[in-house]
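One structure is given below, encoded as structure tokens.
Number of protein chains: 2
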Amino acid sequence: MQLIADNLHIVNSSVRNALKKLNPEPIKELVTKCEMAGADVIDINSGPLTRNPVGKMTFLVETVQSVTNLPVMIDTANPIAMEAGLKANKKTAIINGFSLEPVKLEQILPLAKKYKVDIIGYLLYPDGRVPNDASERFSLAIEILQAIQNQNIDQNQLIIDPVIVPLSWQNGSKQAREILDVIQNLPDILGFPVKTIAGLSNLASGHGYKGKRLLLEKTYLPMLASAGLSMALLNIFHDKTIEVGKACEPLVNPEVFSWAEL
Amino acid sequence: MQLIADNLHIVNSSVRNALKKLNPEPIKELVTKCEMAGADVIDINSGPLTRNPVGKMTFLVETVQSVTNLPVMIDTANPIAMEAGLKANKKTAIINGFSLEPVKLEQILPLAKKYKVDIIGYLLYPDGRVPNDASERFSLAIEILQAIQNQNIDQNQLIIDPVIVPLSWQNGSKQAREILDVIQNLPDILGFPVKTIAGLSNLASGHGYKGKRLLLEKTYLPMLASAGLSMALLNIFHDKTIEVGKACEPLVNPEVFSWAEL
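Top line first, the protein sequences correspond to chains A and B. Mapping of the first sequence onto the working numbering: residues 1181 to 1442, in sequence order. Mapping of the second sequence onto the working numbering: residues 1181 to 1442, in sequence order.
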């Protein structure tokens, strides 16, 4: 299971200020810290970048790649910014992401073919609604795969995100189980070893968890790993969670594990 | 998932000394601490009790039950001691346990019927060998179930232990995966919702884990819970592991969970 840093995020004020001034230093420093903390991939969540999307995304990708060789996820809903990021990319990029929303199918998904990069597909309804259970997610995954095939994109470029919801939602506990079912059974349902990603920070967002956020994250992460999750998107500075994420390896990947890694 | 304290164990010198002198105080104190630490059941591991098995096991069960109403597991290979424990029991007792070893089938298993108590069945070969994979464990589980049926014991009294082995064994990582497969699929294989138990302390016993014992335990425990484990036998004083064990509840039991419990 790869660990993806979700820390380079526009909601972070130091990122927002650096982006406003096109000042690379705070971003370089953050990315270097993410890599040292154990990140396997850096997610670049720029928000929509309505003003100067090309200049700002180019700046972000170039700045990140000036200090690391790690793959980057380009995380924006703005197709102009997305394409600028893919053009600026000199190493490995992943599109984060698309869904069945028509604008995404038309303007984001074709970029996966054009730039030959992996792309994350969210199991959401076209109107953005979150599915209620595993069965609805399997149906959406089949539609996502069809969309990929309709555009003659290699299915191996697809990474599915089943969309973790807050545990505090009325059906949050049930949804947490259903997500594990989806991750475990999606390869059988789709007929190939599809990669999966999940945003761990979603689990304890919102209210109702009484300060147990870190505890819930480090408890759910091994469950996700055990179900076969390929990539976990998370706060890479939650060191107790990361330690657990790394310790999942000998327990989920007998073939590739070496004790020296733990 | 219930948490079973494995702390009342003859290898613990304070337990050994208390038993030698039939001094109830250290045992009462230990059991009270186990209950306060979150134990749902107390395992009484007396060893074989070759001298005075009846007197010593009666003393142990009476002493434990004088300070707690929690169920007890009577954990000995000595049938004389086992029956003495079941006779002394005034609350809920569980036999821990039997296997396909002939002496256990003949002398331990019948006690489950005689005293109408649950009994743990270990997935081991008759000569004590540990199975190599899930498939061997499923075959052993079917034989265990047949043994139960042959003695006209209600199958709902059966609790299966798939036998966790040290991760440091040559095939330890693979075995850790196979155990999860067994726990998840045993109800389908046996055709009823059979209960399961696993001894977490086995995972990192022996050498080769470089001081990562607690980390491995708290990483594997959510995987076991997610696979559907009914009972985890563990060191109830490992508070970080216990905290994780309790946090599994909202993530595995949507129906019964209340936020107030976390």
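Note that beta-carbon positions come from the ideal geometry of N, C-alpha and C, so glycine has one too. Given the structure is predicted, the values throughout are model-derived calculations rather than measurements.
Where DSSP assigns a beta bridge to residue i, which residues make up the other side?
i, result
"B/T1376", "B/I1340"
"B/L1202", "Bridge partners of B/L1202: none, in fact."
"B/I1275", "B/I1254 and B/I1299"
"A/A1185", "A/I1222 and A/L1414"
Do you know whose CA, among the options, lies nearest residue i's CA?
i, options, result
"B/Q1355", "B/N1192, B/A1314, B/L1320 and B/G1386", "B/A1314"
"A/V1241", "A/N1258, A/I1222 and A/T1230", "A/I1222"
"A/L1280", "A/E1423, A/I1322 and A/V1362", "A/I1322"
"A/W1349", "A/G1386, A/R1393, A/L1414 and A/V1191", "A/G1386"
"B/V1252", "B/E1286, B/D1186 and B/G1352", "B/D1186"
"B/L1202", "B/G1352, B/C1214, B/K1213 and B/P1233", "B/P1233"
"B/E1429", "A/L1396, A/C1428, A/V1310 and A/V1432", "A/L1396"
"B/A1405", "A/M1262, A/V1310, A/L1383 and A/L1360", "A/L1360"
May I have the straight-line CA-CA distance separating residue i from residue j, to the nearest angstrom?
i, j, result
"B/P1367", "A/A1198", "56 Å"
"A/V1161", "B/A1407", "Beyond the ends of chain A as shown, which are 1181 and 1442, falls residue 1161 of chain A; an answer cannot be given."
"B/L1266", "B/F1239", "12 Å"
"A/P1282", "A/I1416", "33 Å"
"A/Q1329", "A/D1341", "18 Å"
"A/P1373", "A/I1324", "15 Å"
"B/G1277", "B/D1298", "9 Å"
"A/K1236", "A/E1209", "18 Å"
"A/A1268", "A/N1225", "15 Å"
"B/I1260", "B/R1231", "11 Å"
"A/L1289", "A/N1249", "25 Å"
"B/L1229", "A/L1347", "49 Å"
"B/L1457", "B/K1420", "Residue coverage of chain B in this structure runs from 1181 to 1442, which leaves residue 1457 of chain B outside it and unanswerable."
"B/Q1364", "A/P1206", "47 Å"
"B/L1383", "A/Q1245", "41 Å"
"A/I1190", "A/K1200", "10 Å"
Taking C-beta to C-beta, are residue i and residue j nearer than 9 Å?
i, j, result
"B/I1300", "B/I1333", "no"
"A/L1183", "A/G1425", "yes"
"B/V1247", "B/V1211", "yes"
"A/G1227", "A/T1272", "no"
"B/I1344", "B/L1394", "no"
"B/M1411", "B/K1375", "yes"
"A/I1422", "A/G1218", "yes"
"B/Y1305", "B/L1285", "no"
"B/T1399", "A/L1431", "yes"
"A/Q1450", "A/K1296", "Outside the shown range of chain A (1181 to 1442) lies residue 1450 of chain A, about which nothing can therefore be said."
"B/I1369", "B/F1318", "yes"
Look up residue i in the DSSP assignment and say whether it is helix, strand or coil.
i, result
"B/F1239", "helix"
"B/A1384", "coil"
"A/I1359", "helix"
"B/A1412", "strand"
"A/G1227", "coil"
"B/R1309", "coil"
"A/S1353", "helix"
"A/L1280", "coil"
"A/K1293", "helix"
"B/Q1287", "helix"
"B/G1371", "coil"
"B/K1213", "helix"
"B/V1195", "helix"
"A/S1348", "coil"
"A/D1334", "coil"
Using beta carbons (cut-off 9 Å, strictly below), is residue i in contact with chain C?
i, result
"A/P1342", "In the displayed structure, chain C is absent; the protein chains listed are A and B."
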